[in-house]
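Here's the structure, in structure tokens; my notes come after.
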Amino acid sequence: TVTAVDEPGGMPGVSVLEKGTTNGTVTNIDGQFSMTLKSEDAILVFSFVGYETQESLVAGRSAVDVTLNLDVATLSEIVVIGYGEVEKDDVTGAVATLGDTDFNQGVTTSPQDLLTGRMAGVSVTSAGGAPGSASTIRIRGGSSLGGATNDPLIVIDGFPIDDGAVSGLSNPLNTLNPNDIESFTVLKDASAAAIYGSRASNGVILITTKKGKSGKLKVNLNSQVSVSTPTKYVDVLTGDEYRELVTGLNGSDFSGIDDAALRKLGDENTDWQKEIFETAISQNHNVSVSGAAGGIPFRASYGFTDQNGILKTTSTTRHSLSLNLSPSLLDNHLKVNVNAKGTLANSNFGDEGAVGSAVNFDPTQPVYNGNSRYNGYFAYTTTTLPDGSIDPEGPANTFISNPVAMLELRENTADVNRFIGNVQLDYKFHFFPELKANLNLGMDRTSTDGVDNALPGTTWTYRDYTGDNGRLLDYTSESNSELLEFYLNYNKKFGQHSVDVIGGYSWQHWERAGTTFDRNTDGTQVVQDTKDSDENFLVSFYGRLIYDYDSRYVLTATVRQDGSSRFIGDNQWGLFPSLALAWNLHNESFLEGVPSLSMLKLRLGYGVTGQQGLSPDLVDPYYPAIAKYLRSTTGASVQFGNDYYNTLRPAAYDANLKWEETTTYNIGLDFGFWDDKLSGSIEYYQKTTDDLLNNIPIADGSNFSNYLITNVGSMEISGLEVSLTGRLVSKADFTWSVGANFTYNTREITQLSKTNDPNDPGVQVGAIAGGTDNKIQILTVGHAPYAFYTFQQVYDANGNALEGIYVDRTEEGGEVISNQFNKYHNQNPNADVLVGINSRLNYKNIDFSFSGRWSIGNYVYNNGLADNSLSSLYQSSANGYFGNIRQSAAEIGFSVPQYWSDMYVQDASFFKMDNISLGYTLDGLFENKLKARLSFTVQNAFVITDYEGIDPEVDGGIDNNIYPRPRTYLVGLNLNF
Amino acid sequence: CVNDLDVSPTDPDVVGSDKVYETVADYKEGLAKLYATLALSGQQGPDGYPDIEGIDEGFGNYLRQYWNHQELTTDEAVLSWNDATIKDFHWHTWTANDGFIAAMHSRIMYTVALCNEYIRVTEGKEEDEIKTFQAEARFLRALAYSHGLDLFGAMPFVTEENLPGAFFPERITREDLFAYVEGELSDMMPTLGAAGFEYGRADQGAASMLLAKLYLNAEVYIGEDKYDECLAALQTVLAGGYTIPTDYRYSFVADNDESPEMIFAITYDGIQTQTWGGMTYILHSQIGGSMDAEGMFGTSDAWSGLRTTSALVNKFDMTNDSRALFWTDGQSLEIDDISLFSNGYAVTKFRNRKLNGDLSDSNQSVQVDTDFPLFRLADAYLMYAEAVLRGGEGGTRAQALTYVNELRTRAYGDNSGEVADANLDLDFILDERARELFWEGHRRTDLVRFGKFTTGDYQWPWKGKVKEGVATDSYRNVFPVPSAQLVANPNLTPTDGY
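From first to last, the protein sequence lines are chains A and B.
Per my numbering, numbering through the first sequence is continuous, rising by one, with the last residue being 983.
Per my numbering, numbering through the second sequence is continuous, rising by one, with the last residue being 522.
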């Protein structure tokens, strides 16, 4: 009988082999086995994954009992920490990992979505429901304030892929097939991330892709088919309700609605939202092969995704190939790791503007009226027929477009090719095996070819294009990055002391180039014909010491010196140190007597990280510190005499620009009870960012702009994170685990200008739809970034909002809305508390899992509602046209929009069940050669919220008709053989 | 390699400042930017690579802001839109936090900073052409500063001595800035091209006109009258070869670059010089209601924004004065609701068709060929008359009457509109300036000079946010130093009253 040291009863499935022969068997359900031996002095070899292999001399016994011990070496987790990996006990910083078995289930074109809601302190918000749409990742809220990016550094298999968006791809990470990902490791605090120095202020995400393993060839086939549907529509007036409302308003001559206007109304009841959305079917297939060929472990995979959006004409397809080779040469002294990933992606972006147009377009008009000028699609024109109705063939109204025509007549597609590859050589010196040299060479090449054409007869091109009024627009972009990294690693144990030291050098270069050629369809008018390019470099030296005393005390010290080409002279270089201590209390003798405690570790960390990655949205993110001129392009020339001259403009610059610095203190406690059946960690942190890279108003006349990217301001961030994992049941045929995470994060601006004027209201940000240049948010000292800045609405006795009447908060009298100081800071878009919860249950062949999250205290400005008023019903421009409004706006009844009323800043706290998945596994098929799993998943299953808009999850907090996130039902089949 | 960190731009359109100026042609492109800062919003038409930030790019256009400050605050124009605080201009309720006022302030100083840079790089150049370029840069800086002292009074002060950086410019008082601009104009005048030497460029005519305007308003600016100097400065203009064309509309059409009375224009072209501010804004915002955008204006857009008040309309002899370019069909004379385009007569002054009615040469659907007449001869005539009536030496009342009646005769098509000497007084001049020059960006300055912009001397609809108009406080004769600038520059002080 075979038993295990940690489980009662016999141990099934243990392989038993007579040493030196092929004679063997497997233990039965009770742990028993029997076999006929070939030799009298046979030695039996017992092996089982996760346990130490044991040998036993039979020596004539008829019954052999063994007890297998846990294999500590394979059980103790290895944690990737950047430039190496350490055992879990040696981790000193705030590091979180998520392996592939824990990933979110469902359609995940975007690798980020695998993480949503799964880690404390890591929030992932998708931009919307478009296929392959971008997701914003924020680790601990983000340390920067607009001038620099708040995106974390992402490192794929040792290759940092930051810096710059990829045009033609809404989400640069989408070139990575989620099925190839083995794990995510998130370095959250400075002591963990400081090894990435200058790019680490917003955290680091290390993505490890799957590798080949020696052993038998394994094939995995994974297919999914899914159906996506819209979950909710904006509640607007029907055609009949609309006619009734505007006819009624005619009596009061409201908003210029007169008899002539009413004759423009149509007879239809068009639900424009139903016209633009559809149920979408998508599919996703992956095949991977791993094993060893000619002694070289390899993994190769191919993935195909065809994802269709619920907004008509939006889709994305992707072919991805990846190959990993990990041979060991020179007697295992040289380990080689080769990664190559290639992707071909094609996206059809459609026209997301149709989402808003469908809400606002006149519901009395038909989709199609068979005109000849606008491809048959109904178009508002600026002339009327003798009976007063819209002339179907008249000149186009260029302010609004038929939403269906916007989708059908626009060709907005891009092909993106991307190759990411690196070769990593890890050499252990022959006569000095404690010393290793590691060389990492990599490249990342992306090329994009896109078009954004509009057919002749599209109303919206009448404004900018002559001739037959269509548009032909081609664009290309190339972005390349090369990496060279080299480090030496010395790792040695001296009795109870062990040290692990690295010292390294890193060089990375990015270059980007693009072209845009925009003209009318017959090519007679060139609107834009431009080329642009830029480049930047980072050069770094870094070192790290990990010292461990008796597995009880661990110290990690890192230092990185980074040079960035974005800065000049002495400011080019920044020094980023960190120090962290960990105390493995569970290894202390005084806790030995607490058997229920399997892990208890206290961690203290301090570090300084930097930020140089300026937001790509800025006018000049790559050369902000040097004097230069920009020559004007198409349409920006000046007439002298009879000739036109291009212009030369000096650009604003700050020669003293330097690194943004974030100082972080982190205290963490990791714990595990009952053999880690309950485990988790608690972290508290404080971060201060100084010398914020900020694009702020400067003294007029002091530079060649009124705004300048300069080092101004400070921000303080603090938070608390709790992660818990419970393995509630872990029986052979019944396991159930639950994970939960809790995040509290608060940010406050503590300085914003060089003068620190206490009367400074701050910098207005957050442009909204409606009017031009209206902003709803503000950056102010003493407040959270991007706080909403609104007037306080006054209500009548019945609780109805009084139009344009606000509280005179300053009590200065006069025109309330003309005094900005009557506005107040009214909440902000970031959640105070995020809670993620997930569970996985396996019972025999059935598995069930779900993942959901609460977001508490996130506020949203309901821009769609704020922009709807009775005056939106009829616009007098372009000779007059009608537009729809929301039911609730009709009820509120404002005659003109009241953008700054605090009634539109609404609590958008929510619970979202991101996915629920049920699976059934068939094993033992074809003599144990095939294992199959069939699964059914619902993504975006349900949302609980009081928020009035379509979806409470709005990146940035301004809800203005985003592409709605669909609900997706998915059937998947996974085959392993 | 560590040396890799010293980069220079790779984009062919971006030039390191050490290599930018090599030939005279390069200097001419540098000069072109100084003019473009008045006309355009950035380095790409109609938008893209904006000059200033923190505001919508089209809004941040110099001419658009200047026009709004000079017109929307007066009896000449109202705007229907919901753009931020735009209606504060009509109501005289603007504050130091106003984003439009901040943009105007930034635009003025942006132009100054660019001119300073250009004056630095052209310093010591031997070529006569480059010397003229430099004088034009000094003119454009003086023009921007003159707008600053007119709109704001005191300003931040930077010259070619101040290198770009993150410093705090000193504050200069209105009086000192007046003296500086006056000195600059007199000093650079001889180096400028002769009047009319090249269209679109500032010449001695333009500089004399600016100097004359400075003197005409000297009482407001420095509390000292300078009408003699005004008349002296106007002599260069009057002798500059400009003439009054027979058709009043010549200065407001797509081919107005050929108008013989044009002294200095901000130029536009439907293909070459595109923007969402400037003339594109003025011309399209006036179109709406039942007006025929294509037929009358040669454009496809109608922005339904700008109209005028009855205070302006009532100054006209609507039947006989050809300058009464109003649209009344579907429009009410009085304004009940500023937000409705149908309230108030619309204006048809600026058009993107040629004088003879043909489509413009560019024939762009939205971008226009029409130039903005910053200075034209009729203005000089009326300034002459006013300076004489205010007691200036160096001109005669008879000549003043001749000038005024030349404009009246053009307006009426015959001598029926002529004014008698007895009726030629300052009140007449103010009204005549409105009739002749409305919507050309002069009105606020004129009303301030006549003491009628604020307080109770003169009311017009919606002044003070009351339909009939009420008195407003006199501190509003200047705009406040923007609060963002008070924060960004501790050397500045808040404007009295705000």
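For every residue, glycine included, the Cβ atom is placed at its ideal position computed from N, Cα and C.
Check	Outcome
is_contact[H515 (chain A), chain B] using C-beta, thresh 9 Å	yes
Bridge-paired residues (DSSP) for A553 (chain A)	In the sequence under discussion, the amino acid at residue 553 (chain A) is Tyr, which differs from the Ala named in the question. Note: Y553 (chain A) sits in a beta bridge opposite A:V505, A:L561.
Amino acids of chain A, ordered along the chain, whose beta-carbon sits closer than 8 Å to that of W35 (chain B)	It should be pointed out that residue 35 (chain B) corresponds to Asp in this sequence rather than to Trp. Under the 8 Å cutoff, chain A gives K537, D538, S539, D540.
Beta-carbon neighbours of V625 (chain A), restricted to chain B and to distances below 7 Å	Y73
Strand pairing of F365 (chain B), partner residues [DSSP]	According to DSSP, which records beta bridges pairwise, F365 (chain B) is partnered with nothing at all.
DSSP-derived helix/strand/coil call for S309 (chain B)	helix
Bounding residues of the beta strand (DSSP E) (the contiguous stretch that carries K607 (chain A))	603 to 617
Minimum C-alpha distance to L823 (chain A) - residue among A:T562, A:G805, A:Y795	Checking the sequence, you will find Ile at residue 823 (chain A) rather than Leu. Comparing Cα-Cα distances from I823 (chain A) to each of A:T562, A:G805, A:Y795, the minimum goes to A:Y795.
At least three beta-carbon pairs within less than 8 Å, the stretch 895 to 906 of chain A to the stretch 789 to 809 of chain A	yes
Neighbour flag for E488 (chain A) against chain B, beta carbons, 9 Å	no
Cβ shell of H291 (chain A) (< 6 Å), same chain only, five flanking positions each side left out	S229, F310
Closer than 9 Å to chain A by CB, A161 (chain B)	no
Per DSSP, the bridge partner or partners of S229 (chain A)	A:H291, A:L979
Where the stretch 210 to 237 of chain B meets chain A: residues whose CB sits under 8 Å from a CB there	E222, Y223, G224, R225
Contact belief for R162 (chain B) with M286 (chain B) at Cβ below 8 Å, rounded distance in angstroms	At roughly 22 Å, the Cβ-Cβ gap does not stay under 8 Å, so R162 (chain B) and M286 (chain B) are not in contact.
Cα-Cα separation between I1031 (chain A) and N515 (chain B), rounded to whole angstroms	In the structure as shown, chain A starts at 7 and stops at 983, and residue 1031 (chain A) therefore has no counterpart that could be examined.
Residue closest to V342 (chain A), alpha-carbon to alpha-carbon, out of A:Q289, A:V769, A:N446	A:N446
Any chain B beta carbon closer than 9 Å to S759 (chain A)	yes
First and last residue of the uninterrupted beta strand (DSSP E) at G448 (chain A)	441 to 460
Proximal residues of chain B, C-beta to C-beta of S708 (chain A) below 9 Å	M133, A137, P180, V182, N186, P188, G189, A190, F191, F192, P193, A512, N513
Nearest-angstrom Cβ-Cβ length linking L159 (chain A) and R205 (chain A), presumed shorter than 8 Å	4 Å
S877 (chain A) burial status per 10 Å Cβ neighbour count (16 or more: buried)	buried
Contacts around K219 (chain A), its chain only, beta-carbon distance under 7 Å, and the 5 residues preceding and following it disregarded	S296, P303
Y801 (chain A) burial status per 10 Å Cβ neighbour count (16 or more: buried)	exposed
Under 9 Å between C-beta atoms of L364 (chain B) and G262 (chain A)	yes
Identity of the residue in B:F321, B:V502, B:Y436, B:M133 nearest V472 (chain B) by Cα	B:V502
Neighbouring residues, chain B, relative to G777 (chain A) (Cβ below 7 Å)	W105, N106, D107, A108
Nearest residue (CA-CA) to N403 (chain A), options A:D779, A:V960, A:G463	A:G463
For D920 (chain A) and Q945 (chain A), believed in contact at Cβ under 8 Å, the rounded distance	7 Å
Whole-Å CB distance - T419 (chain A) paired with N526 (chain A), under 8 Å assumed	So it is not a contact: roughly 19 Å between Cβ atoms.
Chain B within 9 Å of V78 (chain A), Cβ atoms only	The predicted model places V78 (chain A) with a pLDDT of 49, which falls under 50 and marks its position as unreliable; any figure quoted below should be read in that light. So, not an interface residue.
Cutoff 9 Å: D763 (chain A) Cβ touching any chain B Cβ	yes
As assigned by DSSP and simplified to three states, the class of F384 (chain A)	coil
Chain A contact for P485 (chain B) (CB, 9 Å cutoff)	no
Q826 (chain A) at chain B interface by Cβ criterion, 9 Å	yes
Chain A within 9 Å of I154 (chain B), Cβ atoms only	no
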